[in-house]
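So the sequence lines, in the order shown, correspond to chains A and B.
Just so we're aligned: the first sequence equals residues 0 to 510 in numbering that gives the first Met the number 0.
Just so we're aligned: the second sequence equals residues 0 to 322 in numbering that gives the first Met the number 0.
Just so you know, even glycine gets a beta-carbon here, dropped at the ideal spot from N, CA and C.
Being a predicted model, the structure only gives us computed values, none of them experimental.
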Amino acid sequence: MDNIAIELRGIDKSFGPVHANKNINLKVRKGTIHGIIGENGAGKSTLMSILYGFYQADSGEILVDGKPVAIRDPNAAIAAGIGMVHQHFMLVENFTVLENVMLGAEDSQILNKGIAKARVELKRLEREYALEVNPDALIEELPVGLQQRVEILKALYRRADILILDEPTGVLTPAEADHLFRVLEQLKSQGKTIILITHKLREIMAITDEVSVMRRGEMVATRTTAETSVEELAELMVGRRVLLRVEKGEAKPGEVKLAVEGLTVKDGRGVTMVDNVSFNLRAGEIVGIAGVAGNGQSELLEAIAGIRRAVSGSVHLNGKPIDVTGHADPAELRDRGLAHVPEDRHHVGLVLKFEECENAILGYHHDKRYLNGVFLNIDAIREDAEKRIAEYDIRPPNPRLKTANFSGGNQQKIVLAREMERGPDVLIIGQPTRGVDVGAIEFIHKRIIEMRDQGKAVLLVSVELDEIRALSDRILVMFAGRVVGERDPDATEGELGLLMAGVEGRKEAAE
Amino acid sequence: MDFFHVIVVLLESTIRVSVPLIFAALAGLFTERAGVFDIGLEGKMLGAAFAAGAVAAVTQSVWMGLLAAILISIALSLVHGYASITQRGNQIVSGVAINFIVAGSTVILGEAWFRQGGRTPALGEGSRFQTITFPFADSVREIPILGPIYSDLLSGHFLLTYVAFAMVPISWWILYRTRFGLRLRAVGENPGAVDTAGISVIWLRYRAVICCGILCGFAGAYLSLAMTAGFVKGMTAGKGYIALAALIFAKWRPFNIMLACLLFGFLDALAIRLQGNPLPLIGQVPVQLMQALPYILTVILLAGFIGKAIPPKAGGVPYVKER
Ligand SMILES: Nc1ncnc2c1ncn2[C@@H]1O[C@H](COP(=O)(O)OP(=O)(O)O)[C@@H](O)[C@H]1O
Ligand SMILES: [Mg+2]
């Protein structure tokens, strides 16, 4: 029998009304890479944070190397040889790499000696694991990929034998993710134990030895990776069979609903973000805007939605102009049939401190349905929210719960339900499934296609090329603020990739 | 009086009025760098000044007075700490509350104990700080330029004045060269990083708040045991707020703090000097304008005209792990 590095017995944890972990049992074998998958909000981060002593379990036991240990705080976890790379990095942004690595492991009261030692040790780790990073660089000046490297170095510096990584690839480019996996393989070959949390099935299949699946706070299964399949894991995660691709019929485009003409947008520093963009969006079609993040898609969406002023150009909604260069009013646009699902739901789409039902009517609160004279009709609002919750399968089904306590996928459903259910003529959606789990992705995609089939015009911006290709009837590719090409959805990934990188587009524009 | 002499006198009084500002601003530096905003510097300083005046009057010992000032100021800091760190209350509200409580209770207690209209009894020689005269200060005064600078500007201040200026590099050293300082700055930027590194956020912030208490104690003691001989009600007269402005103006950096406090102190000294002395060409400068200048300068800074003041990222936000 192999050695067990970590064993969790009966771990239970609630955050107020949210039961995040329910009687969890888990065994992780020494020297393996153990994957933990589950939808967003399944309780993966919570479980690992308990193992790391960041949260305290309400009940349950933790065994390290077969011996029960009381992990009351991260210090105890570090002492037990556990290191963790958190989903949201725990770095001090205006400190150097070296200072971040040292923090909490400084050795002596006066920094000087510790600094010298840390420098030497860091060099050694860098060489050993090919984890180069300039020790004197400020964290805020490093790209996220390197920031994550610092987090890994922090754990190794503390001599972790068991390394937990929480959704490490979410912030990485494919090449960076490959490099990370090589590092993990190397750590494993040195006998370290790795727990890898992700919701990406492909990664689990590629690198793990064993995989445990969590669903709604419960540990539902553990499988040997070699003996399972993507389909089985997806089903375990969601609790039912999922379609990993979307089915949709022919589009039947109708009249032009949204006409964008020569739209140009500059950012606060005067840099052109959207450069003379023109296109038409018709009823009954989905137009996808593909592009690497930061090529003007966000600004384009915001300008159309009336929350960012354009410097020139025009936009017509249902044939009537929107004052995009002046004072376009999002509330008025909403009344005219334009619904907007913003990219950044936390800051723009929701007030996280509000109850679910309050967010469910945000921006529509002056709708007569929700009013009693000048007062809000709370009963009507809650009733409506409950209906929405049932239709969109928002969990937990509690309209009084603070929105911050919903998982990302469910928060997104709250926004979608709000914007879709008014029957808008034009729906513009930014990153519909960012941070959303497999089950909810399927649901959201279906809903978007349903909207199209009802004859709505849908403008979709996403950095997930797969999503764009699956949903769109036409694809516009943006690069450096310009639309550099239009393609059918059956264009190959390679072809779109070249456009997105700005290689093909320049040629096309020149011709 | 020749021009040079005027300058020396002006700078000498600049130093005198800057001392409590330096102490208080450095006090604010310690808590704010740890992420606990403190608008209660004023109240702590006032409480400390009262404690110093009262205890020194009763015990006839300047040292007991200083000790009392520090203890009271620490106690008030702990109240602020309990409200904002342990109970995760609003830091501004807690600070303002302390200011009001102290402003009222010093008068009530002073009146109850000493019956002098909120004052503490005037302190005699032994129960207050004396100025320190450097060796040969008298004999070198006649040397041009260097003489007056040595004898009038550098020599002849209170012990606490020298302590205040020494605290500037000491604070810098603590913040940037010690483990405590590294952790303190980290907890003001991202308490999560400190927590996951195995350090107690709560204890660390309490220690920062205690440092603030000690320094505010010095500031208060300086007011009632050195600058004047005894406590007078409301004697801080907004110095805590000026110190806060200096802290922001200095972008939360020790040496900048000293310069900002000297600048604000200079404006204060100048205002006193110009009272009733119209300037050639410009005429009478309203005192109110001079007194408002520190705040005006700080607002201009905050508006982004003089660089940018970036406060500690986690400042003012209680550390909450579980929503
Ligand atoms: N600090 C917290 N306070 C309150 N609720 C939380 C906290 N962290 C997570 N939750 C809730 O617990 C549930 C599980 O979350 P989490 O462990 O982050 O899931 P996962 O990592 O699998 O996406 C979610 O409903 C989430 O909203
Ligand atoms: Mg998570």
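beta-carbon residue i near ligand 1 non-hydrogen atom, thresh 6 Å
i, result
"phenylalanine 14 (chain A)", "yes"
"asparagine 22 (chain A)", "no"
"alanine 19 (chain A)", "yes"
"threonine 13 (chain B)", "no"
"asparagine 404 (chain A)", "yes"
"serine 44 (chain A)", "yes"
Same chain, Cβ closer than 6 Å to residue i, neighbours up to 5 away in sequence not counted
i, result
"leucine 164 (chain A)", "Val84 and Leu195"
"threonine 160 (chain B)", "Val18"
"asparagine 22 (chain A)", "Gly9 and Asp11"
"phenylalanine 133 (chain B)", "Ser154"
"alanine 75 (chain A)", "Gly52"
"lysine 29 (chain A)", "Asn2, Ala4 and Thr192"
"glycine 40 (chain A)", "Ser406"
"isoleucine 305 (chain B)", "none"
"arginine 15 (chain B)", "none"
Sequence-distant residues of the same chain with beta carbon closer than 8 Å to residue i, five excluded per side
i, result
"glycine 362 (chain A)", "Pro329, Ala330, Arg333 and Arg417"
"leucine 124 (chain A)", "Leu130, Leu152, Leu155 and Tyr156"
Chain B contact residues for residue i, given Cβ-Cβ distances below 9 Å
i, result
"leucine 110 (chain A)", "Tyr175, Arg176, Thr177, Arg178, Gly180 and Leu181"
"glycine 103 (chain A)", "Arg182, Ala185, Ala192, Val193, Thr195, Ala196, Gly197 and Ile198"
"phenylalanine 53 (chain A)", "Gly191, Asp194, Thr195 and Lys320"
Cβ-heavy atom distance, residue i to ligand 2, below 6 Å
i, result
"lysine 153 (chain A)", "no"
"serine 199 (chain B)", "no"
"serine 313 (chain A)", "no"
Proximity of residue i and residue j at Cβ, strictly below 7 Å
i, j, result
"alanine 102 (chain B)", "glycine 229 (chain B)", "no"
"serine 72 (chain B)", "alanine 47 (chain B)", "yes"
"serine 211 (chain A)", "isoleucine 70 (chain A)", "no"
"alanine 26 (chain B)", "alanine 50 (chain B)", "no"
"glutamate 31 (chain B)", "glycine 314 (chain B)", "yes"
"lysine 256 (chain A)", "alanine 456 (chain A)", "yes"
"alanine 33 (chain B)", "threonine 119 (chain B)", "no"
"phenylalanine 128 (chain B)", "alanine 23 (chain B)", "no"
"valine 35 (chain B)", "serine 93 (chain B)", "no"
"glycine 180 (chain B)", "isoleucine 169 (chain B)", "no"
Interface partners of residue i on chain A, CB under 8 Å
i, result
"glutamate 188 (chain B)", "Val91, Glu92, Asn93 and Phe94"
"lysine 238 (chain B)", "Here the premise fails: no neighbours, minimum Cβ distance about 30 Å."
Chain B contact residues for residue i, given Cβ-Cβ distances below 8 Å
i, result
"serine 107 (chain A)", "Arg178"
Neighbour list for residue i in chain B, Cβ cutoff strictly below 7 Å
i, result
"isoleucine 77 (chain A)", "Gly197"
"aspartate 72 (chain A)", "Gly197"
"phenylalanine 442 (chain A)", "Neighbours of phenylalanine 442 (chain A) on chain B: none; closest Cβ ~26 Å, over 7 Å."
"glutamate 98 (chain A)", "Leu181"
Other residues of its chain near residue i: CB distance less than 7 Å, five sequence neighbours each side excluded
i, result
"valine 106 (chain B)", "Gly117 and Lys232"
"valine 200 (chain B)", "Val186, Pro190, Val193, Asp194 and Tyr318"
"serine 60 (chain B)", "Ser126"
"arginine 451 (chain A)", "Ala250, Gly283, Glu284, Ile285 and Val457"
"glutamate 139 (chain A)", "Glu92 and Asn93"
"serine 13 (chain A)", "Ala19 and Asp57"
Run of the alpha helix (DSSP H) containing residue i, from where it starts to where it stops
i, result
"asparagine 24 (chain A)", "First-last for asparagine 24 (chain A): 17-28, but that is the beta strand (DSSP E), not the alpha helix (DSSP H)."
"valine 200 (chain B)", "200-220"
"valine 340 (chain A)", "It is not in any alpha helix (DSSP H) - valine 340 (chain A) instead sits in the beta strand (DSSP E) that spans 337-340."
"methionine 419 (chain A)", "407-419"
"isoleucine 193 (chain A)", "Element bounds for isoleucine 193 (chain A): not the alpha helix (DSSP H) but the beta strand (DSSP E), 192-197."
"threonine 207 (chain A)", "Taken as a continuous stretch (DSSP letters only), threonine 207 (chain A) belongs to no alpha helix (DSSP H), as it is neither H nor E."
"phenylalanine 263 (chain B)", "253-273"
"aspartate 465 (chain A)", "464-470"
"valine 57 (chain B)", "40-58"
"isoleucine 100 (chain B)", "90-113"
"serine 12 (chain B)", "2-32"
Where the beta strand (DSSP E) containing residue i begins and where it ends
i, result
"glutamate 139 (chain A)", "Here glutamate 139 (chain A) belongs to no beta strand (DSSP E), and DSSP marks it neither H nor E."
"isoleucine 5 (chain A)", "3-14"
"glutamate 485 (chain A)", "481-486"
"proline 320 (chain A)", "319-321"
"serine 58 (chain A)", "58-63"
"aspartate 274 (chain A)", "271-281"
Under 7 Å by beta carbon: chain A residues contacting residue i
i, result
"lysine 307 (chain B)", "Near lysine 307 (chain B) there are no residues of chain A at all, since even the closest Cβ is about 13 Å away, more than 7 Å."
"glutamate 31 (chain B)", "The premise fails here: glutamate 31 (chain B) is roughly 15 Å from chain A at the closest Cβ pair, so nothing lies under 7 Å."
Listed by chain order, chain A residues near residue i by CB distance under 9 Å
i, result
"lysine 250 (chain B)", "The premise fails here: lysine 250 (chain B) is roughly 12 Å from chain A at the closest Cβ pair, so nothing lies under 9 Å."
Contact test: residue i Cβ vs ligand 3 heavy atom, cutoff 6 Å
i, result
"lysine 320 (chain B)", "This structure lacks ligand 3; the ligands present are ligand 1 and ligand 2."
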